[in-house]
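Mapping the sequence shown onto the numbering used here, position 208 (from 1) lands on 188, and the numbers just tick up by one.
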Amino acid sequence: MEESNEKINKEMDEFVEPNIESTKEADTESAEIVEIVNDDFEDDPPASKKSQLIIICLIFSVLIFAIAGWWFWTKNALAPEEAGSKADVVVSVRVAKVVKKRIAGEVSAVGSVSPVRQAIVSSNSGGQIKGLRRLQNEYVRQGVLLATIDTRDLQAQKREAEAVLKEARLNLQTLRKSTIPQSEIQTDKDLRDAKASVDISRNLFIRRTDLYQKGGIALKDVEAAQLAVTHAESNLKFLERSKNLRSNTANSLNLETARARVSQAEQRIKTLQTQMELSEIRAPISGYVIEQTQFDGEYAAAGRKILTIADLSEVIVKTQFADTVITRLRVGDEAMIYLDDLSDFKISGKVSLISRSTDPANRATEVWVNYVNDAGILRARSSARVVISENEQLSALTVPNSAVSLDTSNSKTGVVMVVDGENIAHERRVETGIRTIEETQIVSGLTSDDLVIIDGNYALPDGTKVEFKKEESTRRGERIR
-19 MEESNEKINK EMDEFVEPNI ESTKEADTES AEIVEIVNDD FEDDPPASKK
31 SQLIIICLIF SVLIFAIAGW WFWTKNALAP EEAGSKADVV VSVRVAKVVK
81 KRIAGEVSAV GSVSPVRQAI VSSNSGGQIK GLRRLQNEYV RQGVLLATID
131 TRDLQAQKRE AEAVLKEARL NLQTLRKSTI PQSEIQTDKD LRDAKASVDI
181 SRNLFIRRTD LYQKGGIALK DVEAAQLAVT HAESNLKFLE RSKNLRSNTA
231 NSLNLETARA RVSQAEQRIK TLQTQMELSE IRAPISGYVI EQTQFDGEYA
281 AAGRKILTIA DLSEVIVKTQ FADTVITRLR VGDEAMIYLD DLSDFKISGK
331 VSLISRSTDP ANRATEVWVN YVNDAGILRA RSSARVVISE NEQLSALTVP
381 NSAVSLDTSN SKTGVVMVVD GENIAHERRV ETGIRTIEET QIVSGLTSDD
431 LVIIDGNYAL PDGTKVEFKK EESTRRGERI R
């Protein structure tokens, strides 16, 4: 290469020097001619000035054509040498064989990872948190004691409620025994006397009725005995109603109020006892603590979130697909999950839910993809890309995506660089079909025996000689055999 360059330079020097000298001589002659013409032009009459200007223009035109011819001659003389130097250039590339295999169209969308089972841990009562250590990102088992709530205020409230209950019971007993003893005794005596009077009057009436029937007494004596019975019974009824009325009127409302207060105090004690039993905060499910919002010593309000526990053994990737795609998806379809933080890693899941409603704002429908996450690969609340296959082709010619240079981003035609048996790269127009994340289907333009360039094909001229990188040497040997 160096010898050919020296040879070219030498020939150029040999050619340029005489041409430069001849150019200088031509310039000198033209200057002399111009000077003579100018002298003559000054002496000649105005009629001959036009012809002299024409002669000067012709002289300059001849000089310009001479310089242009010299430039084209030098360029054509150097072209074969430059072509020879280009022919010696060898480009290092990576290649791949055209493969006939199964391929399917893909629709993809980005979603977020959510656990199937998740629980928010909170306190049932307000109080200071005791014994809650830092549990973020730790695994806890169901039923394990995580913390307790200080119950000293509940205990004080319980003691107060017990005192209220005792007071209510005493009040009830007082109302039950609030009648005057002497009045009660007199009433009982009057009732006993009235009952005895009724019995005596009835016996007297029976005897007089019997004597009257035998003719021993007059009718007026029987009527007098009957009247005595009536008076005795009326007196007994009056005394009984008086006693009942006095008892019911004096104590009925007060007794009901006292009983209600006793029941209320008992219920209050039961409520406080339940709150004291619920002061222990335990894990409702087994899983990892993915969020901790409160710590030991802080005040926990009733119902306020303290921890979030997620069971990551099975997760759901929730994503949204366009409503034009949803009609082609089915529950149970296979789906590939690609992780954003692990670009070369993919896992397989299944479509478990297709929403029956569409978001009117973006015309998208939510789709769930379930994955058994025993190895803990997927993390809660992380993002992932879901790819679902459609329009499957069982036998299609495929090449890596990097091998095809499309005319436009959404075009179905493009260019592929094919390497022949002499390691010469040739440009080949192709028509593409299904395009996945990794591969492209070739509908026409290639055969299964072709070898295409997948790295180094950008802006590679047609007819360039190539060599294979080390990792491609074995593949190339197999192709030649």
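The beta-carbon is built from N, C-alpha and C at its ideal position, and this holds for glycine as well.
This structure is a prediction, so every number in the text was calculated from the model and none was measured.
- In this model, residue 223 and residue 242 are separated by some 27 Å (Cα to Cα).
- With a cutoff of 8 Å on beta-carbon distance, residue 405 and residue 446 are scored as near each other.
- Between residue 432 and residue 78, the CB-CB gap stays under 8 Å.
- Uninterrupted beta strand (DSSP E) stretches at least 3 residues long and entirely within the segment 310 to 337 occur at 314 to 319, given in chain order.
- Here residue 357 has 327 as same chain residues with Cβ atoms under 7 Å from its own Cβ, once five neighbours each way along the sequence are excluded.
- Here DSSP, grouped into helix, strand and coil, assigns residue 392 to coil.
- Straight through space, the alpha carbons of residue 102 and residue 287 are spaced by roughly 7 Å.
- In this structure residue 279 is exposed. Its beta-carbon is surrounded by fewer than 16 other beta-carbon atoms within 10 angstroms.
- With a 10 Å radius around the Cβ and a threshold of 16 neighbouring Cβ atoms, residue 188 comes out buried.
- By the neighbour-count definition (other C-beta atoms within 10 Å, threshold 16), residue 135 is an exposed residue.
- Rounded to whole angstroms, the gap between the alpha carbons of residue 351 and residue 69 is 52 Å.
- Per DSSP, reduced to three states, the secondary structure at residue 250 is helical.
- Between residue 367 and residue 318 a beta carbon distance of about 7 Å is seen, short of the 8 Å cut, so the two are scored as contacting.
- The closest CA to that of residue 116, considering only 94, 436, 309 and 267, is found on 267.
- The way I'd put it, the segment 176 to 186 does touch the segment 200 to 212; three or more beta-carbon pairs between them come closer than 8 Å.
- Around the beta-carbon of residue 299, 16 or more other beta-carbon atoms lie within 10 Å, marking it buried.
- Per the C-alpha coordinates, the member of 141, 46 and 421 positioned closest to residue 250 is 141.
- In the structure shown, residue 362 falls within a coil segment according to DSSP collapsed to helix, strand and coil.
- Residue 114 carries a coil assignment under DSSP once its states are collapsed to helix, strand and coil.
- Runs of the beta strand (DSSP E) lying entirely within the segment 264 to 316 and spanning at least 3 residues, in chain order: 267 to 272 and 285 to 302.
- Contact between residue 363 and residue 90 is confirmed by a C-beta separation of about 6 Å, below the 8 Å threshold.
- A contact between stretches requires three or more CB pairs, one per stretch, nearer than 8 Å, and the segment 256 to 267 meets this requirement with the segment 90 to 100.
- Note that the C-beta distance between residue 417 and residue 373 is not below 8 Å.
- Annotated as proximal: residue 72 and residue 436, with beta-carbon spacing under 8 Å.
- Contact annotation: the segment 124 to 139 touches the segment 243 to 263, with at least three C-beta pairs closer than 8 Å.
- About 34 Å separates the CB atoms of residue 145 and residue 126; that is not less than 8 Å, and the two are not in contact.
- Apart from the 5 residues on each side of it in sequence, residue 108 sits with its Cβ closer than 8 Å to the Cβ of 129, 130, 277, 278, 279 and 280 in its chain, given in chain order.
- Shortest Cα-Cα distance from residue 86 to any of 301, 426, 336 and 401 involves 301.
- In the three-state scheme derived from DSSP, where H, G and I count as helix and E and B as strand, residue 180 is classed as helix.
- Per the coordinates, the alpha-carbon of residue 150 lies some 18 Å from the alpha-carbon of residue 248.
- Residue 421 and residue 377 do touch by the CB rule: their CB atoms are close to 7 Å apart, below 8 Å.
- The beta carbon of residue 171 sits closer than 8 Å to the beta carbons of 216, 219, 220 and 223 from its chain, once the five residues preceding and following it are set aside; these are given in chain order.
- With 16 or more neighbouring CB atoms inside 10 Å of its own CB, residue 430 falls in the buried class.
- With a cutoff of 8 Å on beta-carbon distance, residue 295 and residue 353 are scored as near each other.
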